[in-house]
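Below is one structure, written out as structure tokens, with a few remarks after it.
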Amino acid sequence: MRNLPKVALEHPELPAFELAEHDLIQVAKVFSLGSVGGATFLPSGMMNRNWRVSTGAGVMAIKEIIDVPVPKARRSLTVVRQLADAGLPVCAPRVAASGDVVAEIDGRGFCVLPWAEGSHLPGTELTVNESTDLGALVGRFHQALAAPGIGLDPVANRLRAKVTPANAALAEADRFLQIIATREELDAFDAATLKALRQRKELLTEWAGEAPPDDLASGPVGWTHGDLQPLNLLWRDGAVVAVLDWDRLGVRAYGEEVVRTAQVQFTTDDGRLDLERVVTFAAGYRSQVRIADEDLVDAVERLWWKRLTDFWQLQWHYDKGDHGPDRLWESGERLLHWWTARRDLVRAVFTSR
Numbered sequence: 163m164r165n166l167p168k169v170a171l172e173h174p175e176l177p178a179f180e181l182a183e184h185d186l187i188q189v190a191k192v193f194s195l196g197s198v199g200g201a202t203f204l205p206s207g208m209m210n211r212n213w214r215v216s217t218g219a220g221v222m223a224i225k226e227i228i229d230v231p232v233p234k235a236r237r238s239l240t241v242v243r244q245l246a247d248a249g250l251p252v253c254a255p256r257v258a259a260s261g262d263v264v265a266e267i268d269g270r271g272f273c274v275l276p277w278a279e280g281s282h283l284p285g286t287e288l289t290v291n292e293s294t295d296l297g298a299l300v301g302r303f304h305q306a307l308a309a310p311g312i313g314l315d316p317v318a319n320r321l322r323a324k325v326t327p328a329n330a331a332l333a334e335a336d337r338f339l340q341i342i343a344t345r346e347e348l349d350a351f352d353a354a355t356l357k358a359l360r361q362r363k364e365l366l367t368e369w370a371g372e373a374p375p376d377d378l379a380s381g382p383v384g385w386t387h388g389d390l391q392p393l394n395l396l397w398r399d400g401a402v403v404a405v406l407d408w409d410r411l412g413v414r415a416y417g418e419e420v421v422r423t424a425q426v427q428f429t430t431d432d433g434r435l436d437l438e439r440v441v442t443f444a445a446g447y448r449s450q451v452r453i454a455d456e457d458l459v460d461a462v463e464r465l466w467w468k469r470l471t472d473f474w475q476l477q478w479h480y481d482k483g484d485h486g487p488d489r490l491w492e493s494g495e496r497l498l499h500w501w502t503a504r505r506d507l508v509r510a511v512f513t514s515r
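Dropping the structure here:
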């Protein structure tokens, strides 16, 4: 234990985050992992720090909880264990002798999960049958999370969903234009963003009257995963073997998760939705959960408006100095223009039977 190797980076150009020997020893002790052979930092996660660790108890993933408060992470991890008991494809977190699923060390939280073998596949590479199965799996998760024995709080019948006014979005666009204007020298991202922001302002001005009429989302509401993007799914032999990262577990309109998942899974590199896979994904979901056409249409329109008025990637880039989501800004702008020109088609695709 005293001669642990340094953490190896899969991508050396990314900043190194070593799992300190003291932390590793303490985590191994709390979770009864036995001997530890080494740790490899996994740089693909944007929100938390993760390592692949060889231990006497097997290969494990150790996660330092950064993105959510420890009590919230503890609740989510406890739910994941129950989902595993129900036969759903998740990695059940290891439990300490104390019964806790989180080890708190020097004010930081760590959890340990069994390492799952599989691949992160872009949704556009799934077969039609796989996209159908993915939709059905999302429905099964929603049903399982709604079961009384899962231990989550009851939910209200209607849910308020924030609607950003067009004038607030225009003001935010102007704020970023001003930030860029004050820079002594523009890089390629700045120059592209200047053009994109001007185009976004044109869209906002043209479609300002199309905001959702109120902040009450339509349709069934319940507990949902919250971030079913490709990096949070592991595939093997044509099936999802693990749904990862439950930090975003929360109450949402089911339609919101269906539409957002389809968008993050089935957006092509050139900025459009793979409509065939959206159709089969939505059909797969509806094979498990009853949801009306008008509820899906409401979710489609709300997500379109959110994409029109949201600048989170620029907030990361310019306010936080974190360039990780830069590519998501560029691809998101392509999708927004494509979607805005085809709103009727996108609504129809989600309700196709």
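Number 271 in this note's numbering belongs to position 109 of the sequence shown; there are no gaps in the numbering.
Heads up, the beta-carbon is just placed ideally off N, CA and C, and yes, glycines get one too.
These figures come from a predicted structure and were not determined experimentally.
DSSP on lysine 482, reduced to helix/strand/coil?
helix
* Kindly provide the ranges of any alpha helix (DSSP H) runs that are 4 or more residues long and lie completely inside the region 373-433, ordered along the chain. => Whole alpha helix (DSSP H) segments, 4+ residues: 416-428.
Simplified DSSP state of isoleucine 312, which is helix, strand or coil:
helix
Heavy atom of the ligand PLP less than 6 Å from the Cβ of glutamate 495, yes or no?
Only the bare structure without any ligand can be found here, which leaves the ligand PLP out of the picture.
Query raised in the report: So what's serine 449 in DSSP terms, helix, strand or just coil?
Result: coil
Q. Going by Cα to Cα distance, which pick from Gln427, Ile224 and Glu372 is closest to threonine 286?
A. Gln427
_Where lysine 225 falls, given that 16 or more other Cβ within 10 Å makes a residue buried_ = Burial of lysine 225 is indicated by the presence of at least 16 other C-beta atoms within 10 angstroms of its C-beta.
Leaving out the 5 sequence neighbours to the left and right, which residues in its chain are closer than 6 Å to leucine 275 when beta-carbon positions are compared? Ala223, Cys253 and Pro255
Contact check, glutamine 475 vs leucine 490, beta carbons under 7 Å:
yes
Original post:
Taking 7 Å as the CB-CB cut-off, is glycine 446 touching chain C?
Top reply: Going by chain labels, chain C is absent from the structure shown, which holds only one protein chain.
Query raised in the report: Of the choices Asp376, Val264, Ala323 and Gly249, whose alpha-carbon is the least far from that of valine 383?
Result: Ala323
### First through last residue of the alpha helix (DSSP H) which encompasses phenylalanine 473
Run containing phenylalanine 473: none; DSSP gives neither H nor E here.
- Straight-line gap, arginine 345 to leucine 497 (C-alpha atoms, nearest Å): 28 Å
Considering Cα atoms alone, identify which of Leu406, Thr240, Asn394 and Ala328 is closest to tryptophan 369.
Ala328
In whole angstroms, what separates the C-alpha of valine 405 from that of glycine 313? 19 Å
| Can you tell me the Cα-Cα spacing of leucine 393 and histidine 282, whole angstroms? | 6 Å
Review point. Could you check where the alpha helix (DSSP H) with alanine 328 kicks off and where it finishes?
Key: 328-343
At 3 residues or longer, what runs of the beta strand (DSSP E) sit wholly inside the region 210-254?
211-217 and 220-227
Whose C-beta lies closer than 6 Å to the C-beta of asparagine 165 among residues of the same chain, with five residues either side of it excluded?
Any answer about asparagine 165 is weak, because its pLDDT of 32 lies below 50 and its placement is not dependable; what the coordinates show is given next. If we look at asparagine 165 and ignore the five residues flanking it on each side, it has no Cβ neighbours.
Report task. Buried or exposed for glycine 388, please, with buried defined as at least 16 other CB atoms from any protein chain shown within 10 angstroms of its CB. Result -> buried
Next on the checklist: DSSP three-state label for glutamate 368, please.
Outcome noted: helix
- Item | Length of the line joining the Cα atoms of glutamate 495 and leucine 239 | 34 Å
### Message
My output table needs one value for glutamate 347: the three-state DSSP class, helix, strand or coil.
### Response
Correct three-state label for glutamate 347: coil.
* Asked: Going by Cα to Cα distance, which pick from Leu395, Arg469 and Asp185 is closest to leucine 288?
  -> The residue with the shortest Cα to Cα distance from leucine 288 is Leu395.
- Item | Close beta carbons around arginine 469, own chain, < 6 Å, minus the five adjacent residues each side | Leu498
Cβ neighbour criterion (16 or more within 10 Å) applied to isoleucine 227:
buried
Check: From Val511, Phe272, Arg504 and Gln391, pick the residue whose C-alpha is nearest to that of asparagine 210; which is it?
Finding: Selected option, being the one with the closest Cα: Phe272.
What's the gap between the Cα of arginine 320 and the Cα of proline 375?
15 Å
message: Distance check for alanine 415 and valine 189, CA to CA, integer angstroms please.
response: Valine 189 and alanine 415 have their alpha carbons spaced roughly 37 Å apart.
request  = Taking the CB atoms as reference points, tell me whether alanine 445 and glutamate 418 lie closer together than 7 Å.
outcome  = no
query: Under the three-state reduction of DSSP, which class applies to alanine 503: helix, strand or coil?
result: Secondary structure of alanine 503 (DSSP, three-state): coil.
field: Neighbour-count burial assignment, arginine 452, 16 or more Cβ in a 10 Å radius
entry: exposed
- Which of the three DSSP states, helix, strand or coil, is assigned to serine 293? helix
Inset, instruction - Take tryptophan 408 and list the residues in its own chain whose beta-carbon comes closer than 6 Å to its own, dropping the five residues that flank it on each side. - result: Listed in chain order, the non-local C-beta contacts of tryptophan 408 below 6 Å within the same chain comprise Ser238 and Val242, local neighbours out to five positions each way being set aside.
Check your understanding: Anyone know if the C-beta pair for valine 192 and leucine 299 falls short of 7 Å?
Key -> no
Q.
Under DSSP, the alpha helix (DSSP H) around valine 274 begins and ends at which residues?
A. Per DSSP, valine 274 belongs to no alpha helix (DSSP H); it is in the beta strand (DSSP E), 270-276.
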